[in-house]
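Asker:
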Amino acid sequence: MTTATRPQLAHLTEQLNDLKQRGTYFKLRILEDEQGPVCTYDGKHVINLASNNYLGLCEHPKLREAAIEATKKYGVGSGAVRTIAGTMKIHMELEEKIAAFKGVEACVVFQSGFTANAGTVSSILGKEDFILSDELNHASIIDGARLSRAKIKVFRHKDVAHCEDLLKEIQNEPGRKLIITDGVFSMDGDIGPVDKLSELAEKYGAIMMVDDAHASGVLGRNGRGSVDHFHCTQRVDVQVGTLSKAIGALGGYVCGSRDLIDYLYHRARPFLFSTSHPPSVAATCIAAFDLLEQEPERIERLWSNTRYFKEQLTAAGFDVGGRTTPASETPITPIIVGDGKKTMEFSRALFDAGLMATGIAFPTVPEGKARIRTIMTSEHTREQIDHAMETLVTVARKMDLLPKQDS
Numbered sequence: 005m006t007t008a009t010r011p012q013l014a015h016l017t018e019q020l021n022d023l024k025q026r027g028t029y030f031k032l033r034i035l036e037d038e039q040g041p042v043c044t045y046d047g048k049h050v051i052n053l054a055s056n057n058y059l060g061l062c063e064h065p066k067l068r069e070a071a072i073e074a075t076k077k078y079g080v081g082s083g084a085v086r087t088i089a090g091t092m093k094i095h096m097e098l099e100e101k102i103a104a105f106k107g108v109e110a111c112v113v114f115q116s117g118f119t120a121n122a123g124t125v126s127s128i129l130g131k132e133d134f135i136l137s138d139e140l141n142h143a144s145i146i147d148g149a150r151l152s153r154a155k156i157k158v159f160r161h162k163d164v165a166h167c168e169d170l171l172k173e174i175q176n177e178p179g180r181k182l183i184i185t186d187g188v189f190s191m192d193g194d195i196g197p198v199d200k201l202s203e204l205a206e207k208y209g210a211i212m213m214v215d216d217a218h219a220s221g222v223l224g225r226n227g228r229g230s231v232d233h234f235h236c237t238q239r240v241d242v243q244v245g246t247l248s249k250a251i252g253a254l255g256g257y258v259c260g261s262r263d264l265i266d267y268l269y270h271r272a273r274p275f276l277f278s279t280s281h282p283p284s285v286a287a288t289c290i291a292a293f294d295l296l297e298q299e300p301e302r303i304e305r306l307w308s309n310t311r312y313f314k315e316q317l318t319a320a321g322f323d324v325g326g327r328t329t330p331a332s333e334t335p336i337t338p339i340i341v342g343d344g345k346k347t348m349e350f351s352r353a354l355f356d357a358g359l360m361a362t363g364i365a366f367p368t369v370p371e372g373k374a375r376i377r378t379i380m381t382s383e384h385t386r387e388q389i390d391h392a393m394e395t396l397v398t399v400a401r402k403m404d405l406l407p408k409q410d411s
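Just so you know, the sequence shown maps onto residues 5 to 411 in the numbering used here.
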């Protein structure tokens, strides 16, 4: 029996119907086994180009073992928020491990990268302050900026000169100034100008913050991120990272001075009002940071696969950025289609042909810049990459998405 939609929520049904008419409505695909380079979604065996599992740590045996042992020793949950009764010794060990890895005084772990960004920005600034934010920064930064009630100034993507112009406009205004950028931008895969923005922050006495979610495990020494990549560890006041991408588990973290972290312990709302990580997750993350130090060849394989895949895509005639969108510089490699409906149709056709490659359309990316967002990992084999390329080219030609071949 179908229950009629209550009129109070009829506007949601109308908006969903609009998505269906536009061709951008989607259903969640369901993973039935491990998050690997080849896996099973919706009962179909596919090559996976959609995962953030950069280094294959989601299924690493050492991480599995760490999770099992921690569960046996500590149980399945912490039972409380950190500030009441939920701070376990293993949580402190993880924070110390990350701080040492990043080369900073201290670290605090959040329940997700999103809450790390939103909770930090909203707690360290107030309505009398200013935020200078790249126009393509992650949604969690945008939400944190809004929650802070600070005055928001948006500079053009990676445009350091525009950021300085905005700083000049407000340099005599009362209130703190915060410059914030992604280290790697999650939709286009380009690298933020962390070094140049850090110079600006020093010049104008601004706080410098970097979201390194997609740079952690990918850039810098042993995956220390974009801040390390640009040798800016001592010039960046707030480093945000994630535990749910290259690290292979779940959560986010903020690194910086001891005072910054102690302040976030007292004022960051997601930290104060969310139960802490299960001990199995904390143990898994500790093991992952050990592996970053012990197995640098994973990062080398990731970059070797990335270069090979980009070369093949470019040679085939795909737009992988650099025309109407920023050029990708990392394992995030978008295939720009433009039209949202056509992009989602392309994604579905690829899946039917055995390739998991997710379509991304408005509002996640601007209108007219819809894309298939692919991510290469260290665990893809050349045979899998070649098979994926063959599928991409075959389906794209059938859909008239590639330039015509010379006869």
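Glycine included, each C-beta is placed from N, C-alpha and C at the ideal position.
Can you give me the C-alpha to C-alpha distance between CYS289 and ALA219, rounded to a whole angstrom?
Answerer: Computed Cα separation, rounded: 16 Å.
Asker: Given a cut-off of 8 Å, decide if ALA365 and ALA374 are closer than it, judged by their beta-carbon atoms.
Answerer: Against a cut-off of 8 Å, the Cβ pair of ALA365 and ALA374 comes out as a contact.
Asker: To the nearest angstrom, how far is the alpha carbon of TYR208 from that of ILE174?
Answerer: Each residue's alpha carbon lies about 10 Å from the other.
Asker: With a threshold of 16 other CB atoms inside 10 Å of the CB of HIS270, please say whether the residue is buried or exposed.
Answerer: Exposed, since its Cβ has fewer than 16 Cβ neighbours within 10 Å.
Asker: I'd like to check one pair, LEU306 with LEU59: are the Cβ atoms closer than 8 Å?
Answerer: In this structure, LEU306 lies closer than 8 Å to LEU59 by Cβ.
Asker: Quick check: the Cα distance between GLU301 and ARG10, rounded to an integer number of angstroms?
Answerer: Distance between the alpha carbons of GLU301 and ARG10: 56 Å.
Asker: Kindly indicate the opening and closing residues of the beta strand (DSSP E) around GLN243.
Answerer: Element bounds for GLN243: 242-246.
Asker: So for ALA110, helix, strand or coil by DSSP?
Answerer: ALA110: strand per DSSP, three-state reduction.
Asker: Could you tell me which uninterrupted alpha helix (DSSP H) segments, each at least 4 residues in length, are contained entirely in the region 330-402, listed from first to last along the chain?
Answerer: Complete alpha helix (DSSP H) runs here, min 4: 344-356, 386-402.
Asker: If you reduce the DSSP assignment to three classes, tell me which class HIS270 lands in.
Answerer: DSSP places HIS270 in helix when its eight states are reduced to three.
Asker: Along the beta strand (DSSP E) that carries VAL50, what are the first and last residues, could you check?
Answerer: Here the beta strand (DSSP E) through VAL50 covers 48-52.
Asker: Secondary structure at MET5, three-state DSSP: helix, strand or coil?
Answerer: Note that MET5 scores a pLDDT of 35, beneath 50, so its modelled location is shaky and nothing firm can be said.
Asker: Go through the region 35-85 residue by residue and report every complete run of the beta strand (DSSP E) that reaches 3 residues or more, in order.
Answerer: Runs of the beta strand (DSSP E) inside the region 35-85: 42-45, 48-52.
Asker: With burial defined as no fewer than 16 other Cβ atoms inside 10 Å of the residue's Cβ, what is the status of GLN409: buried or exposed?
Answerer: GLN409 comes out exposed.
Asker: To the nearest whole angstrom, what separates the beta carbons of TYR229 and GLY187, a pair I think is in contact under 8 Å?
Answerer: It should be noted that the sequence gives Gly, not Tyr, for residue 229. The Cβ separation is near 6 Å, so the contact holds.
Asker: Return the CA-CA distance between LEU182 and ASP266, expressed in angstroms with no decimal places.
Answerer: Approximately 19 Å between the Cα atoms of the pair.
Asker: Would you say THR119 and SER284 are within 8 Å of each other, going by their C-beta atoms?
Answerer: The answer is no: Cβ separation not under 8 Å.
Asker: Short of 6 Å in beta carbon distance, which residues of its chain neighbour ILE336, apart from the five on each side in sequence? Order them along the chain.
Answerer: So the qualifying residues of the chain are GLY193, ILE379.
Asker: Since ILE211 and ALA205 are thought to touch, with beta carbons under 8 Å apart, how far apart are those beta carbons, to the nearest angstrom?
Answerer: The Cβ separation is near 7 Å, so the contact holds.
Asker: Whole angstroms is fine: what's the gap from ARG153's alpha carbon to HIS161's?
Answerer: Approximately 22 Å between the Cα atoms of the pair.
Asker: Taking the continuous beta strand (DSSP E) assigned at CYS236, which residues delimit it?
Answerer: Element bounds for CYS236: n/a, residue is neither H nor E.
Asker: Since PHE118 is in the beta strand (DSSP E), which residue starts that stretch and which ends it?
Answerer: Careful: PHE118 lies outside any beta strand (DSSP E), inside the alpha helix (DSSP H) at 117-128.
Asker: If you run the structure through DSSP and keep just helix, strand and coil, what is ASP404?
Answerer: In the structure shown, ASP404 sits in coil (DSSP, three-state: anything other than H, G, I, E or B).
Asker: For ARG377, tell me which candidate among THR329, PRO338, LYS346 has the shortest Cα-Cα distance.
Answerer: When each option's Cα is compared against that of ARG377, the closest is PRO338.
Asker: Output needed for LEU20: all residues of its chain with C-beta closer than 7 Å, excluding positions within five of it in sequence on either side, in chain order.
Answerer: Hits under 7 Å: TYR29.
Asker: From the DSSP output, in three-state form, read off LEU182 for me.
Answerer: In the structure shown, LEU182 sits in a strand (DSSP, three-state: E or B).
Asker: For the alpha helix (DSSP H) containing TYR29, list its first residue and its last residue.
Answerer: It is not in any alpha helix (DSSP H) - TYR29 carries neither H nor E in the DSSP assignment.
Asker: Between which two residues does the beta strand (DSSP E) carrying GLY256 extend?
Answerer: 256-260 is the span of the beta strand (DSSP E), which, as asked, contains GLY256.
Asker: Within a Cβ cutoff of 7 Å, which residues of the same chain sit near ASP343, ignoring the five residues on either side of it in sequence?
Answerer: Within the same chain, ASP343 has close Cβ partners ALA374.
Asker: So who's on the other strand from ASP138, going by DSSP bridges?
Answerer: In the DSSP output, where bridge partners are listed per residue, ASP138 has PHE159.
Asker: Tell me which same chain residues have a C-beta within less than 6 Å of the C-beta of VAL112, skipping the five on either side of it?
Answerer: Taken in chain order, the residues that qualify are VAL258, ILE265, LEU268.
Asker: For a quick check, are the C-beta atoms of SER149 and ALA287 less than 8 Å apart?
Answerer: Note that residue 149 is Ala in the sequence shown, not Ser. Taking 8 Å as the Cβ cut-off, ALA149 and ALA287 do not qualify as a contacting pair.
Asker: Between the alpha carbons of MET393 and ALA319, how many angstroms are there, rounded?
Answerer: Looking at the two C-alpha atoms, the distance is approximately 11 Å.
Asker: Assign VAL324 to one of three DSSP states: helix, strand, or coil.
Answerer: Of the three classes helix, strand and coil, the one that applies to VAL324 here is coil, per DSSP.
Asker: Buried or exposed for GLU99, going by 16 or more other Cβ atoms inside 10 Å?
Answerer: Counting Cβ neighbours within 10 Å, GLU99 comes out buried, since at least 16 surround it.
Asker: Considering Cα atoms alone, identify which of PRO41, SER202, HIS235 is closest to GLY107.
Answerer: Considering only alpha carbons, the answer is HIS235.
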